[in-house]
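Numbering (this note's numbering), first residue to last: 109 to 549. Even for Gly, the Cβ is constructed at its ideal location relative to N, Cα and C. All values derive from a computational prediction rather than experimental measurement.
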Amino acid sequence: MPSEVRVRFAPSPTGYLHIGGARTALFNWLFARHHGGKFVLRIEDTDMKRNTEEAMAAIYEGLEWLGLNWDEGPHVGGEFGPYLQSERTELYERYLKKLQDAGHIFEDQGALRFRSPREHVILEDAVCGRIDFDLSNPATHPDMTIRRPDGSWIFHFVNVIDDLEMKISHVIRGEDHLSNTPKHMEIIRALGATPPQYAHIPLILNRDGTKMSKRDAGARVEYYIRRGYLPAALRNYLCLLGWSPKDNREKLDINEIIRIFDLKNIGRSSATFDPDKLHWLNGEYARELSDEEFNGLAVSALKLSGVKVDDYQEQYVRAALQTCKGKINTFDELPAYCGFYFTDDFGYNPEGAAKHFIPENKPRLEAVRDALSSFEKFDAAEIEAALKTTAAKLGVKLGAIVHPTRLAVTGSNVGPSLYHLLQVLGKEKVRERIDRALGMF
RNA sequence: GGCGCGUUCGUCUAGUGGUUAGGACACAGCCCUCUCAAGGCUGGUACACGGGUUCGACUCCCGUACGCGCUGCCA
């Protein structure tokens, strides 16, 4: 790169941070970090009366959560500010004057339009390659409006002016802007300036092939924050959508991605968002968490779902959560997975009850209760040994006593290691629950 | 309608004229095992279609179909 690399993410605060926008921001950020350049955040709030405060907060929150820090923009400032378009109107006036003086602007019912030179525009796109746009036909390529009668500005104009003013070297944006690009280049040419290098990245689609819209549940970054996803996992997953390391690696450290990121490795076709793969990848990251990190995130998730974690001893909570580590992919699975640690009021899984709460298991469960009640330490190792001897004594397989016991004390067929879970629950609790379950036969 | 872009397993992708078309998610089976995960092994499924070019096309060219985008006084 000859001069300094300066890229920008320019969202419009009209909704929440969209997953597609997040990926656009991510690619810009990666490009900037790879080249040691600057990542600029600019808010395109030319469009009036929306709940911009809330939406802007969501954008900041989403980017920060993903770890996409900006070098210039709201909060951090920079020499090319302000970074909210609503505060840059004098600048736009100045550029408008330039275009007017050069005869490129005409009025149409109070709105201002840019008169197209009506020529071919050749775009050399870093991702899409060379594209020849023929803008000579006014019927198919009408002169675009750049300012409304009420004085507010149109995206095509201010976007271009800001990129020029902020010395943006590379415009990496969604492919939905590809067809707009020649028009942007016309304005830049009329100003006597040089266009930035463009790179249009493919769109992210839904499962059904339609463009991911704000209405789709998983289309907002906020959704993943709430569901207890790990930012590193989402970030990694988003990288894989449209970009490839080309060597079959899936899980990549962000620094490694920064190191190898290249616009050349961005694909040309749109990608479908696959929640399953994200879920898997999140599990990969979740399993690598330190006990400390896991505990913190787990407690938050439990509280969020209404589990009264604070009613329990910290040591008990930690021990309980420890038995869940490595077992879940996302933290929102936790309440269902280990809720039994925090309430005695649970029902029994119907299929499990039908299968395990059967007459011949009653004496077995009683045997387990009796075997466990004679313990001193009540630790996992001791419990395991006792269950095995009990099974041997009864002449049954381990499973014949493990399954009913698990169901009796947790209400579920699946869960953490039974021995460890019994240890955490404690002798009294276990005996109570087994007695209660015995009444179900 | 016009213009633009795209099209490899269900999904994300590798592949750049000669490969048994590779990997990952998901799925199925087996192993491991106290359940579930994790891990290991195995399996099935893909080059949209039709013409060229070539000794030879997933790879290059043209067309068709389908999808998406733009075509706003939205961004």
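Query raised in the report: Exposed or buried, what is serine 398 when buried is set at 16 or more other beta-carbons lying within 10 Å of its beta-carbon?
Result: exposed
Requested in this report: Could you check if methionine 548 is buried or exposed, using at least 16 other CB atoms within 10 Å of its CB as the buried criterion?
Outcome: exposed
Query raised in the report: If you drop the 5 nearest sequence neighbours on each side, which residues of the same chain put their C-beta closer than 7 Å to that of serine 224?
Result: Leu243, His249, Asp251, Glu294
Report task. Determine the closest residue to leucine 346 out of His126, Ser111, Pro119, with distance taken between C-alpha atoms. Result -> His126
Query raised in the report: Residue range of the beta strand (DSSP E) that valine 148 falls in?
Result: 146-149
Query raised in the report: Do lysine 354 and asparagine 344 have their CB atoms nearer than 8 Å?
Result: no
Query - Contacting residues, own chain, Cβ-Cβ under 6 Å from leucine 149 (five flanking each side not counted) - result: Phe117, Trp178, Gly181
Query raised in the report: According to DSSP, is valine 417 helix, strand or coil?
Result: helix
Query raised in the report: By how many angstroms is the C-alpha of alanine 234 removed from the C-alpha of alanine 307?
Result: 5 Å
Query raised in the report: Roughly how many angstroms lie between the CA atoms of leucine 338 and aspartate 270, to the nearest whole one?
Result: 34 Å
Query raised in the report: With 16 other CB atoms within 10 Å as the buried threshold, where does glutamine 193 fall?
Result: buried
Query raised in the report: Hey, is the stretch 410-419 in contact with the stretch 309-327, meaning 3+ C-beta pairs nearer than 8 Å?
Result: no
**Report entry** Start and end residues, beta strand (DSSP E) containing aspartate 233
**Finding:** 228-233
Query raised in the report: Beta carbon of phenylalanine 381, beta carbon of leucine 313: below 8 Å?
Result: yes
Report task. Counting only runs of 4+ residues fully inside the stretch 192-248, write out the alpha helix (DSSP H) ranges in chain order. Result -> 197-209
Query raised in the report: Can you check whether the CB of threonine 253 is closer than 8 Å to the CB of glycine 336?
Result: no
**Report entry** Per-residue DSSP class, three states only, for isoleucine 276
**Finding:** coil
**Report entry** Segment contact, 8 Å Cβ cut-off, at least three pairs: the stretch 453-468 with the stretch 510-523
**Finding:** yes
Query - Check whether isoleucine 491 and glutamine 531 have beta carbons under 8 Å apart - result: yes
Query raised in the report: Can you find at least 3 beta carbon pairs, one from the stretch 521-539 and one from the stretch 500-508, that sit closer than 8 Å?
Result: no
Query raised in the report: I think isoleucine 366 touches histidine 142, with their Cβ atoms under 8 Å apart; what is that distance to the nearest whole Å?
Result: 5 Å
Report task. Would you mind reading off the limits of the alpha helix (DSSP H) that contains threonine 518? Result -> 506-518
Query raised in the report: Excluding sequence positions up to five away, which residues of its chain have a Cβ less than 6 Å from the Cβ of asparagine 469?
Result: Pro512
Query raised in the report: To the nearest whole angstrom, what separates the beta carbons of arginine 131 and leucine 349, a pair I think is in contact under 8 Å?
Result: 6 Å
**Report entry** Closest Cα partner of asparagine 373 within the set Asn390, Tyr332, His387, Ser352
**Finding:** Ser352
Query raised in the report: Out of curiosity, what's the CA-to-CA distance linking valine 266 and glutamate 232?
Result: 22 Å
Query raised in the report: Run through DSSP, which three-state label would glutamate 422 get?
Result: helix
**Report entry** Beta carbon of leucine 546 nearer than 8 Å to that of glutamate 474
**Finding:** yes
**Report entry** Given glutamate 172 as reference, the closest of Pro121, Glu112, Met274, Glu330 once Cα atoms are compared
**Finding:** Glu330
Query - Beta-carbon proximity list for leucine 342, same chain, < 6 Å, skipping 5 on both sides - result: Tyr332
Report task. Find the nearest neighbour of histidine 387 within the set Glu162, Glu441, Pro246, Leu134, judged by alpha-carbon distance. Result -> Glu441
Query raised in the report: From valine 538 to leucine 371, what distance separates their C-alpha atoms?
Result: 59 Å
Report task. Grab the span of the alpha helix (DSSP H) containing isoleucine 542 for me, first residue to last. Result -> 535-546
Query raised in the report: Does DSSP classify tyrosine 331 as helix, strand or coil?
Result: helix
Query raised in the report: Which residue's Cα is closest to the Cα of phenylalanine 263: Thr154, Lys206, Arg357?
Result: Thr154
Query raised in the report: Out of curiosity, what's the CA-to-CA distance linking lysine 435 and proline 524?
Result: 8 Å
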